[in-house]
Amino acid sequence: MAACVAVSEDIFPSPGSWLDLCSITVQLAVEDKDSRTTRQALRAMGNFAVLRAAKEAEDMEDAGTEVSSDHGHGPTAHLTSAPDAESSESGSESGSEDEPVDELEDVSPELQRSKSQASDIPSVPTDDQDMEFSLAKANGKVPEGMIQKMLELVQASRKAPQAEDARRSGASLVAASAAATLANFAQDTDIERFIGSLGGLEIMLDSMEVATEDFHLQATRFLWNMTFSKANQQRFIDHGGIAKLVDSMKRFQQPHHGPLQEQGCGVIRNLACGHSGRHKRALLKSGTIRALCKALKLFHQEANVCVQAMAALTELCLGAPPAAHQARTLGALRWLLASLKLAGTNAQVTEQVLEALEAILLIPQALAAFGQHGGHLEVLKVLDRFSSDTTVLLAFRTLAAALSHTKLKEMVDGDSTEDLAYLITSSAERETQLEYWKQMGKSPGSLIRQDLLDAGLIQKVIDALQQFDQYTIAIEAGAGVLMNLTLEVQEVDQDEKHLQRKLDVGMACHGCLEIIGHLSGQRNTAGFASNMFRLLAAVSLHEEIALLLHRKQAAKTALEYLQAYEEEPVVQAAGCAFLGNLANAKLHIREGIVEVGVLDFLIALLVRKRSVALVVQSACKALKELSPAEAALGILKRFPIVDNVFQAADPHLAEADVMAASLALLWMLSAIDTNYAEELNKKQTTTRVLQVLRTHRAHHEVCRCCGGLLRNLFSAPLSAQASEECLAAEGLRLLLDALWTHCVPPVEGTMSRANYVLANRGSMESVDEGPQRAGSTLAQGGPQRAGSTLAQGNGGVRRGSVAGAPAGRSSVCRTSVRRNSIRNSVGDSLPTKIFSMDEAHKVTTVEAQAVAEQILAALKNLAAYSKLATALAEEIFRCEEWEDLRTVVELYPKSIMVQYQGFELIGKLVNAKRELRAAFRLIADHVLLMNLHHKTTPVADVAELLLEALN
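So in full-length UniProt numbering, spot 107 of the sequence shown is number 107, and the numbers just go up one at a time.
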């Protein structure tokens, strides 16, 4: 009976008759307790299901029909005929001449789906209307009574004897055959839902509790097919299916259990693709990642198991750091890389490994173990083994993920030497390898980059960019790899080679700018163009690369490409970043960029794309870098640049980065020409700035730019008007709060002044800084900080410079002021705040120092007006914040600007309110120390004046 299935297609015109015949045979065999005949009939039905499913797939392919799915699930179990449950047992019943066909290859070899094929027959949506329609179709394909009968046979296994030979019992063998037949029928989407509506999943899961090994194999295959639709996935989870599946995978881990492990991993994969978040959380809590990692460990040499286990890991870990942490802890990286080594030229396994690695490398803690096991070099070898664009894309994405982590000081988590012992090739290399692993555990980011450079990564990526210039997704990822390669890494050991990496990458890829031009007229190339501009922006920070790009007229070329991509905001933003960094390299480069018309383009872009926050931010940054050029002022005068900036920035008040960039541009404009500063004061810019500060006081760059711009406005024409605006808008309080937020450590408590003096007498710490060169500028941070040198008084600022420090400073060291010159009355009644110096490192950063420099300068310029000085002194005295101000000045002893502006500000406050004299006397020791360390700078002048004011 079953033998005829292999050679006849006559059953398809009348499938009902065929199935009725098989059903009658099953019924009679069960009544006669003839387990062999029952299994034969079940296998006949199973083979029928396989043939019909294969024929339907062939018909769909011939018709060119594509059924879309809203699931995105992994593949279901492969098509297969119902197996002979006795075939693996010696001493089983002898076969007959009409033995059933057990191999699909004999039936329709060209239609068999691969066990790990990704393009399976898709499922249809499972809302109520579609479910009803699907169930109606299933009733026409297979009688309900037949499904019910097979489910009853499955249940019979629960009543089978549990003796030592239970595996050979007739009921258990029949149940395994029934499960296999149901699995074949479940290949059909409609029948899958039909079986689920009849309680098939619950019955199968309950039967697994007392089932045999053969039954578990067929049951997991059934579950793999049955978890393709969302409705059945939910039934599976609600009935405790995850725990039972994991238990089955734990029980059967012998070498011959690979098929069962493959099916179990397939079930997990389907569930991980189901309801977003909900199923993943359930899987994560149920030990499925441990089961997947164990399957990889035991069966990493079997491709089918690996593909399903890795696909499930990918789905679970993608976008889910807790799952990636579990996988990394359980050794997934080791076995993934072992599979990658064994994959050879198997593209399917290789691609699945790469996807899983990328998902786990989402977390920085995985980087050290990835490097210790040599993962970065194994992935790089993929570029040599494969020329497929898809495989190259995945290799690039994996490397880009590994290179994306830069803040690694407290996130390294490498494997122990015991876990790495398998990598030791010889005793002679043991010490070298142990030292390498130790170094990789401390500094994985920089060491992985160096290994990749030594292995020729740059040239391989460049070759791929040129080879796949029509496959934009792959070359976009390649550009991302090179861009991440240039990043500076923050880890235990200082990354001393990041500048050399920029040079190496820049020297190799400066010519790749032309690839953007080749693709500029094509669709879907914006991502690549954006990445290339960002890469060039990174490498152009190196002067040699900037000069090389300038000689090749990179600015002019970039401008042409930006015009070609005028409707792509990501390209516009990245191109502006490139032009801004290129302009910042050398003065003559900046002038050359202005000459090719970039300034006009940027202003027009700012107006045209003012609704796009990213473009506004990048355009403002580029304009800030180009504005100091000699030829820039004449061009800027042709445009209402201040109004343009206001109109572009105002819609993005909630965007801190946009506000910082726009304020930095206005700060620069106010520094290069006092006419702009006067215009800004006429437009009541102080009120605008304070509104931004009120909204983003926690953002250090916003605070720095607010302080710098206000500092210039308070020393420009109409500065009195700006000062009054500041007072009316409670600007003093805003500036002080911003200063304390970024530059003062937490307060631990208070103590009396007398006790504080006794506790700190003679405990002054020296500052490890040599004397400054005479005539050195007091600006910190280079040209980015417009107006960052010392400003005095209320005079205007000349074009081409920022406000200057007092001239005529003598270089003679003045050391005549001694500690004894300070009066003994130290205000013992005043309270003293005790700050947590253990937390001081959080506020003594470069960013916090820059905030202190600019806000102190703004407050000092405000205090030049007696009314404002009195108001500021009253505010500090009322809120008892003199200790906060003293602490800010003392925390940054190496910053000449903080010392100068802080000393002068305190002097003005003391003169405005004499009660503050005693409050600030504790700073005297610090002032004496700074007088010695900065004796050749203007700090010495204001130090002496402050000591006199305090005396």
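Every residue, glycine too, gets a C-beta built ideally from N, C-alpha and C.
- Along the length of the stretch 848 to 923, whole alpha helix (DSSP H) runs at least 4 residues long occupy 866 to 878, 882 to 891, 896 to 912, 916 to 919, reported in chain order.
- Contact between Leu271 and Thr220 is absent: CB atoms are separated by about 13 Å, not below the 8 Å threshold.
- In the three-state scheme derived from DSSP, where H, G and I count as helix and E and B as strand, Lys460 is classed as helix.
- For Val461, the closest of Leu485, Gln439, Lys442, Gly441 by C-alpha to C-alpha distance is Leu485.
- Counting the other CB atoms within 10 Å of its CB gives His652 a total of 16 or more, which places it among the buried residues.
- Buried is the label assigned to Arg193, since at least 16 other Cβ atoms lie within 10 Å of its Cβ.
- Asn484: member of the alpha helix (DSSP H) spanning 472 to 485, first to last residue.
- Here Glu679 has Val642 as same chain residues with Cβ atoms under 7 Å from its own Cβ, once five neighbours each way along the sequence are excluded.
- Cβ contact annotation for Val939 (same chain, cutoff 8 Å, sequence separation greater than five): Ile896, Gln899, Tyr900, Phe903, Met930, Asn931, in chain order.
- With respect to Val571, Ala537 sits apart: the two C-beta atoms are not nearer than 7 Å.
- Its chain contains Val349, Thr350, Val353 as the residues whose beta carbon lies nearer than 7 Å to that of Ala343, once the 5 sequence neighbours on both sides are disregarded; these appear in chain order.
- The three-state secondary structure of Lys935, taken from DSSP, is coil.
- Annotation: Arg697 is outside any alpha helix (DSSP H) and is labelled neither H nor E by DSSP.
- In this structure, Glu202 is the residue among His256, Ala464, Glu202, Leu457 with its C-alpha nearest to the C-alpha of Ile242.
- For Ala282 against Asn225, the beta-carbon gap comes to about 20 Å, at or over 8 Å, which does not count as contact.
- The criterion of a C-beta distance shorter than 7 Å is satisfied by Leu487 and Thr406.
- One Cα belongs to Gln372, the other to Ile363, and the distance between them is close to 16 Å.
- Counting only the Cα atoms, Ser387 lies some 51 Å from Gln849.
- By the criterion of at least three beta-carbon pairs nearer than 8 Å, the stretch 136 to 147 is not in contact with the stretch 172 to 181.
- Looking at the DSSP output, Gln218 sits in no beta bridge, so it has no partner there.
- C-alpha of Leu614 to C-alpha of Ala728: approximately 33 Å in a straight line.
- Residue pairing from DSSP places Lys407 in a beta bridge opposite Gln490.
- Counting of Cβ neighbours within 10 angstroms places Thr686 among the buried residues, the total reaching 16 or more.
- DSSP, reduced to helix, strand and coil, places Arg638 outside both helices and strands of the structure shown, so it counts as coil.
- Distances from the alpha-carbon of Ala583 to those of Trp667, Arg694, Leu626 put Leu626 closest.
- Note on geometry: alpha-carbon atoms of Val702 and Leu666 lie some 13 Å from one another.
- Contact between Ala858 and Leu710 holds: their C-beta atoms lie close to 4 Å from each other, under 8 Å.
- DSSP places Pro444 inside the alpha helix (DSSP H), whose first and last residues are 444 to 454.
- Met440 is positioned such that its CB atom lies no closer than 7 Å to that of Leu434.
- With a threshold of 16 other beta carbon atoms within 10 Å, Gly145 falls short and is exposed.
- Asp238 counts as exposed, since fewer than 16 other C-beta atoms from the protein chains shown sit within 10 angstroms of its C-beta.
- Counting C-beta pairs with one atom in each stretch, the stretch 689 to 704 and the stretch 650 to 664 have three or more that are closer than 8 Å, which means they touch.
- Membership of Glu566 in any alpha helix (DSSP H) is not indicated, and neither H nor E is assigned to it by DSSP.
- Of the other Cβ atoms in all chains shown, fewer than 16 fall within 10 Å of the Cβ of Phe133; this residue is therefore exposed.
- Per DSSP, reduced to three states, the secondary structure at His542 is coil, with no helix or strand assignment.
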